[in-house]
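Heads up: the sequence shown runs through residues 947 to 1183, numbered per the numbering used here.
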Amino acid sequence: MNIAKTVDCKGLAEYASHLPNVTVARDYQFMCSNPGQEMIKNDIREMGLTRIVVASCSPLMHEPTFRRAVANAGLNPYLFQMANIREQCSWITQNRVLATERAKDIVRAAVMRVNFNEPLEVRKVAVNSNVLIVGGGITGIEAALQIADSGKKVYLVEKEPSIGGYMTRFDKTFPTLDCAACILTPKMVSVEQHENIELLSYSDVTDFSGYVGKFTAKIRKRPRYVDEDKCTGCGQC
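In structure tokens, the structure reads:
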């Protein structure tokens, strides 16, 4: 009743059966169950189906389930499309007519989209575990320290000459009214001294590209006009 309470599932299946390129459309109460998955597998084998659409709940909940079923039937799992008619339709209205019409739109869109799905193959690639953190405020500082302590290399980029951010301007912190500098200063020192953190202050990220595990960033360091190795921060210059 999650879906059928507000969506005419039988009518929806009948509607879907007349959409372009649709060979078969079925209405089944528990499609994610083993019998439901077997129904999909049998249709793929017996009818030579090349694309599958399941209209039910969220992809987060059951997309992996149906992809496995499709793969077990010999079809590439990425030729499967999930249409969410629960969270995006049946759960957001009590009007049965409107819900059914919206479900038709969602199913029709999924059927049109699956035509353009291409077979994909999962592959494993080496991952660069280095981390780039943009912003050296208290959040960036804490993240950098936590990640660096776990053994990963961290690049901390801050556009200002010094890290610390807005917290350096505070006298006390809520709700304990502790001294802001007493909390922040030791962390700032830890960032500078940590062997796994490379601090790039007075710098900007000018280019960023790539994908998970293989990102590439271009950092522009502004001129210092001082020798950083000799600088003591006295302020006289």
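Heads up, the beta-carbon is just placed ideally off N, CA and C, and yes, glycines get one too.
Values in this document were obtained by computation on a predicted structure and should not be read as measured data.
Looking only at its chain, what residues have a beta carbon closer than 7 Å to the beta carbon of residue i, apart from the 5 residues adjacent to it on each side?
i           : result
lysine 1118 : Asp1124, Cys1125, Ala1126
valine 968  : Ala962, Val1057
Mind checking who residue i pairs with in its DSSP beta bridge?
i                  : result
glutamate 1144     : Tyr1101
phenylalanine 1161 : Gly1156
asparagine 948     : According to DSSP, asparagine 948 bridges with nothing at all.
methionine 1028    : Val1000
cysteine 1125      : Lys1118
leucine 1078       : Tyr1101
aspartate 1150     : Arg1166
Given a cut-off of 9 Å, decide if residue j and residue i are closer than it, judged by their beta-carbon atoms.
i              : j               : result
alanine 1015   : leucine 1078    : no
alanine 950    : glutamate 960   : no
alanine 962    : valine 1053     : yes
methionine 977 : isoleucine 990  : no
alanine 1056   : alanine 1001    : yes
alanine 1049   : valine 953      : yes
aspartate 973  : leucine 958     : yes
valine 1073    : valine 1158     : yes
valine 1043    : lysine 1160     : no
threonine 1011 : glutamine 983   : yes
lysine 1098    : asparagine 1063 : no
Just to check my reading of the structure: residue i and residue j have Cβ atoms closer than 8 Å, yes? What is that Cβ distance to the nearest angstrom?
i             : j              : result
tyrosine 1148 : glutamate 1106 : 7 Å
leucine 1091  : histidine 1140 : 7 Å
arginine 1166 : threonine 1152 : 5 Å
Apart from the five residues just before and just after residue i, which ones in its own chain have a Cβ nearer than 8 Å to its Cβ?
i               : result
isoleucine 1109 : Gly1082, Gly1083, Gly1086, Ile1087, Leu1102, Met1134, Val1137, Leu1145, Ser1147
valine 1060     : Arg997, Ile998, Val999, Leu1025, Phe1026, Gln1027
For residue i, I'd like the list of residues in its chain whose CB is within less than 6 Å of its CB, leaving aside the five on either flank, ordered along the chain.
i                  : result
alanine 1094       : Val1100, His1140, Asn1142, Ile1143
asparagine 1022    : Pro1065
serine 1036        : Ile949, Thr952, Val953, Ala1045
cysteine 1003      : Arg1032
phenylalanine 1116 : Ala1126
serine 1155        : Thr1162
Helix, strand or coil, according to DSSP, for residue i in the structure here?
i               : result
glutamine 1092  : helix
lysine 1118     : strand
lysine 1167     : strand
serine 963      : coil
glutamine 1182  : coil
tyrosine 974    : coil
glutamine 1040  : coil
isoleucine 1084 : helix
aspartate 1051  : helix
lysine 1070     : coil
threonine 1046  : helix
cysteine 1177   : coil
valine 1057     : helix
valine 953      : coil
valine 1137     : helix
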